[in-house]
Amino acid sequence: MDDNSSARERIIELEKKAAFQEDLLDQLNQALVEQQKRIDFLEKRMKALYGQIESGVFIKRPEEESPPPHY
1213 MDDNSSARER
1223 IIELEKKAAF
1233 QEDLLDQLNQ
1243 ALVEQQKRID
1253 FLEKRMKALY
1263 GQIESGVFIK
1273 RPEEESPPPH
1283 Y
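Residues in the sequence shown are numbered consecutively from 1213, following this note's numbering.
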């Protein structure tokens, strides 16, 4: 009877561990999904900014520049 109850306790412990690991796997999967969404968003922003830099939108034309303070 002792072996039977010991085996039962081991099975229960293994089931607890399996449930915990399954929950942890779900949490990690959700974190990975959120991380990928953030990466996709940041890649789009980076491409947009890179396009603006290449187009020169951040560079003033000479006539728009004010003279330096010592001028």
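Virtual Cβ for every residue (Gly too), placed ideally from N, Cα, C.
Unbroken alpha helix (DSSP H) run spanning residue i, endpoints
i	result
F1253	D1214 to S1267
C-alpha gap between residue i and residue j, whole angstroms
i	j	result
P1274	G1263	21 Å
L1237	M1258	31 Å
E1255	N1241	21 Å
E1266	A1260	10 Å
8 Å CB neighbourhood of residue i in its chain, flanking five on each side removed
i	result
D1215	none
I1223	none
I1271	none
Cβ neighbours of residue i in the same chain (closer than 7 Å, five flanking residues each side left out)
i	result
Q1239	none
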